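Structure record follows, encoded as C-alpha cells.
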Amino acid sequence: MNEIILSTQKLCKTFSSQGNQQHILKNLDLNIYRGDFTVIMGPSGAGKSTLLYALSGMDKPTLGTIQFSNKIISDLSNDQLAIFRRQHCGFVFQQIYLLDTMSVMDNVMAAGLLLSHNRKDILNRAIQLFKSVGLPKSCWSQFSSQLSGGEAQRAGIVRALINQPEIIFADEPTGQLNSASSTDVLNTLTKVNQLGQSIIMVTHDLQSARRGNRILYLQDGVIRGECHLGPYQPNNQKRHELLTSFLIEMGW
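Residue 422 in our numbering is what sits at position 20 of the sequence shown, and the numbering runs on without skipping anything.
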C-alpha cells in the first residue's frame, strides 16, 4: 500500500456572513498518497480551493485535524505554518504571481534563498529545473511580462520546485492559458510527477483532469466519489471514457 503523506480527520471549514454560517467543508476524511497526482474536481462553490488551502496550511480549518507525514499541522500557529509551507510545499496558481520587477531567474533564486544560503547550489538546481521543463535559456533573464503565458507558468513551476517540496499544490494552473500553453504546462506537471513528485491539483478542465491518476469529486463540502485512472498515458481513449463516465455519474 502506498505511503500516506497527508491526511484529514473530520475536517470542517465554516465561514460566517451577515450572521449566517456557511459550511464549506463537512467532516471530511481524506488520505493523500506519496507520489500520486491527485485531482480535485466538482462544481463551483463545492469547496475545492478551500480544501486545497487547508491541506497546504494556507488556511486553518474550523474543526478537525490535518496531518502532514507525522506532524499535525492544523494546530500550528500562523508563523509556524509559514515555515512549514516554505519547507514542504510548492504552489502553482492560476495567477502566476512572479514579481515583474525581477527576472525569471531572480524570482526562482529568491525563493531558493529563503531556505538555503548556498547560492551556487540553488543556481545549479534552477538551471537543471529550467532545462527539465523546457524553458529556453533566453527566457531566464527576462521579466514575466515578456514571456508567453505558458512560459511564465512553467517558470512558476520551477519556482515551486526549487526547494524540493514534498507536495505541489496547484489551483487551476491552466485556467488562463490557451490550448497550446495549457498542454505545455500539463506536460511539465506530468513529467515531474512521473519522477516521483506528489501533486494535488484543483481543476474544472477535463484535459487537465486526465493527467491525474486519482480523481476526487467534491460536492457540497463532501467527497462524493473517486476514480482511479492509473499512470498517465497520452491518447488513451479508455482513460478518457472512464473519467467521462465517472464525472457523468457524479452529475458534473
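Ideal placement from N, C-alpha and C gives every residue a C-beta, glycine not left out. As the structure is a prediction and not an experimental result, all values here were calculated from the model.
Practice task
Please confirm if the region 414 to 432 is in contact with the region 462 to 473, defined as three or more CB-CB distances below 8 Å between the two stretches.
Solution key: With a cut-off of 8 Å, the region 462 to 473 and the region 414 to 432 count as touching, because enough Cβ pairs lie within range.
Practice task
Return the CA-CA distance between residue 404 and residue 634, expressed in angstroms with no decimal places.
Solution key: A direct Cα-to-Cα measurement between residue 404 and residue 634 gives close to 17 Å.
Practice task
Going by CA-CA distance only, name the one from 650, 537 and 459 that's closest to residue 586.
Solution key: For the set 650, 537 and 459, the Cα lying nearest the Cα of residue 586 is the one of 537.
Exercise for the section: Return the first residue and the last residue of the beta strand (DSSP E) that residue 565 is part of. Expected result: Counting along the chain, residue 565 sits inside no beta strand (DSSP E), nor does DSSP assign it H or E at all.
Practice task
Could you pull out every residue in the same chain whose Cβ sits closer than 7 Å to the Cβ of residue 632, ignoring the five residues on either side in sequence?
Solution key: If we look at residue 632 and ignore the five residues flanking it on each side, its Cβ neighbours are 615.
Exercise for the section: To the nearest angstrom, report how far apart residue 481 and residue 525 are at their CA atoms. Expected result: So the alpha carbons of these two residues sit roughly 28 Å apart.
Handout entry: Of the residues 626, 636, 639 and 647, the one placed nearest residue 427, counting alpha carbons only
Key = Per the C-alpha coordinates, the member of 626, 636, 639 and 647 positioned closest to residue 427 is 626.
Handout entry: Start and end residues, beta strand (DSSP E) containing residue 435
Key = Its beta strand (DSSP E) spans residues 422 to 435.
Handout entry: residue 477, buried or exposed, once every other Cβ within 10 Å from all chains shown has been counted against 16
Key = Residue 477 comes out exposed.
Practice task
Identify whether residue 642 lies in helix, strand or coil by the three-state DSSP scheme.
Solution key: Residue 642: helix per DSSP, three-state reduction.
Problem - Within 8 Å, strictly: CB atoms of residue 438 and residue 600 - result: At the C-beta level, residue 438 and residue 600 come within 8 Å of one another.
Exercise for the section: Consult DSSP for residue 405 and reduce its assignment to one of helix, strand or coil. Expected result: Three-state result, residue 405: coil.
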